[in-house]
Amino acid sequence: MATTDASPLTPEALMLVRLIAEKGSFAAAARELGRVPSALTYSIRQLEESLDVLLFDRKSRQAKLTPAGEELVREGIRLLSELELVAQRVKRVSTGWESTFTIAVDMICRMPVVLDLIAEFQKLNAPTRIRIRRETLSGTWETLARGHVELAIGVISEYAQVAGVQSAPLGMVPFVFVVSPDHELAKLPDPISDNDLLRHTAVVVADSAQHGPAITVGVLAGQPTLTMPSLELKRQAQVRGLGVGFLPQHLVVQDIAEGRLIEKRLERTGRLSHAAYAWRVPKSNTSGRPAPLGPALSWWLERLEKPATRKALIG
Numbered sequence: 392m393a394t395t396d397a398s399p400l401t402p403e404a405l406m407l408v409r410l411i412a413e414k415g416s417f418a419a420a421a422r423e424l425g426r427v428p429s430a431l432t433y434s435i436r437q438l439e440e441s442l443d444v445l446l447f448d449r450k451s452r453q454a455k456l457t458p459a460g461e462e463l464v465r466e467g468i469r470l471l472s473e474l475e476l477v478a479q480r481v482k483r484v485s486t487g488w489e490s491t492f493t494i495a496v497d498m499i500c501r502m503p504v505v506l507d508l509i510a511e512f513q514k515l516n517a518p519t520r521i522r523i524r525r526e527t528l529s530g531t532w533e534t535l536a537r538g539h540v541e542l543a544i545g546v547i548s549e550y551a552q553v554a555g556v557q558s559a560p561l562g563m564v565p566f567v568f569v570v571s572p573d574h575e576l577a578k579l580p581d582p583i584s585d586n587d588l589l590r591h592t593a594v595v596v597a598d599s600a601q602h603g604p605a606i607t608v609g610v611l612a613g614q615p616t617l618t619m620p621s622l623e624l625k626r627q628a629q630v631r632g633l634g635v636g637f638l639p640q641h642l643v644v645q646d647i648a649e650g651r652l653i654e655k656r657l658e659r660t661g662r663l664s665h666a667a668y669a670w671r672v673p674k675s676n677t678s679g680r681p682a683p684l685g686p687a688l689s690w691w692l693e694r695l696e697k698p699a700t701r702k703a704l705i706g
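Under my numbering, the letters of the sequence shown match residues 392 to 706, in that order.
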């Protein structure tokens, strides 16, 4: 079997070049290390031969780096710092923290609140890398059911009942039917009938589900639609009068207050969404007892149990 030579750029070699450069001479670096100068000279020559470059200018009376040597020191400092961070991370992971923790956040949730929670989590200095996926409708649930995420916030409650998953209510998300002041429906008296709605385009959000059947809510059968990739773009489309539809109340409060959108009442029942948060239950260990929740998941569930957090996310 063929073998490959080990790289000459070991952490020790990088630190040696850096030390000689900092001390300004091989002799001073040797005293620092408790070695003889000839040993350091030999090590550096071996490194230079392996790399086929000169690291120190031999014409100078001091240990002066060549441009190649300066580049090696710059990159070496970065690499040594990264190695130290990796070592610290491995030590922390050994305590049981998840290396990566992925969260699906439905578009009905207020993202600034999620960012506040991430900032709070980062203060723990845990080794866990947080990843956020922005999903909507049945796609939020699908990512959890297929094991792509460990936690889903804002799932539709009726989807959150399946083996291997636990859920808890997040709360009721009130939706309001809004139109641009320039839209034809803005001029009609309340309540608006289904017959009037059918003549106008409904702006809808694309379901982010990739495998199961996509769902659409708040649209009449046969009504023309304009599909947008996010709630924010749906809001913008409605502000511009490109269509009408339901939007989470918290998303349009300012638009209504400043006259960019008008709330209209319909003959049909208004829309309320029952939202939940759900998480994957760790598989049982060999003893048959449920495995404990990871520290990151436990932390997030503890925060989501607080009524103030839930209200801030969807209120």
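The beta carbon of each residue, even a glycine, is placed where N, CA and C say it ideally should be.
Beta carbon of residue i nearer than 8 Å to that of residue j
{"i": "residue 569", "j": "residue 499", "result": "no"}
{"i": "residue 471", "j": "residue 560", "result": "no"}
{"i": "residue 444", "j": "residue 459", "result": "yes"}
{"i": "residue 701", "j": "residue 508", "result": "no"}
{"i": "residue 409", "j": "residue 467", "result": "yes"}
{"i": "residue 566", "j": "residue 627", "result": "no"}
{"i": "residue 533", "j": "residue 600", "result": "yes"}
{"i": "residue 544", "j": "residue 596", "result": "no"}
{"i": "residue 411", "j": "residue 438", "result": "no"}
{"i": "residue 638", "j": "residue 625", "result": "yes"}
{"i": "residue 592", "j": "residue 633", "result": "yes"}
{"i": "residue 584", "j": "residue 577", "result": "no"}
Identity of the residues DSSP links to residue i by a beta bridge
{"i": "residue 616", "result": "593"}
{"i": "residue 544", "result": "496, 668"}
{"i": "residue 558", "result": "669"}
{"i": "residue 455", "result": "448"}
{"i": "residue 406", "result": "Answer is none; residue 406 lacks a bridge partner."}
{"i": "residue 630", "result": "DSSP, once it has assigned bridges, lists no residue as partnering residue 630."}
{"i": "residue 502", "result": "Note: residue 502 sits in no beta bridge, so no partner."}
{"i": "residue 564", "result": "664"}
{"i": "residue 569", "result": "636, 654"}
{"i": "residue 491", "result": "520"}
Cβ distance (whole Å) where residue i is taken to contact residue j below 8 Å
{"i": "residue 399", "j": "residue 441", "result": "4 Å"}
{"i": "residue 635", "j": "residue 574", "result": "6 Å"}
{"i": "residue 669", "j": "residue 557", "result": "7 Å"}
{"i": "residue 541", "j": "residue 493", "result": "6 Å"}
{"i": "residue 525", "j": "residue 491", "result": "Between residue 491 and residue 525 the Cβ distance is about 17 Å, and since that is not below 8 Å, they are no contact."}
#### Entry: Runs of beta strand (DSSP E) wholly within the stretch 573-601 (minimum 3 residues, chain order)
593-596
- Please confirm if the stretch 681-690 is in contact with the stretch 507-520, defined as three or more CB-CB distances below 8 Å between the two stretches. Three or more beta-carbon pairs drawn from the stretch 681-690 and the stretch 507-520 are found closer than 8 Å, and the two stretches are therefore classed as touching.
In chain order, what are the residue ranges of uninterrupted beta strand (DSSP E) at least 3 long that sit wholly in the stretch 504-547? 520-526, 542-547
Q | Those runs of the beta strand (DSSP E) which lie wholly inside the stretch 634-666 and span at least 3 residues | A | The stretch 634-666 contains these whole beta strand (DSSP E) runs: 636-639.
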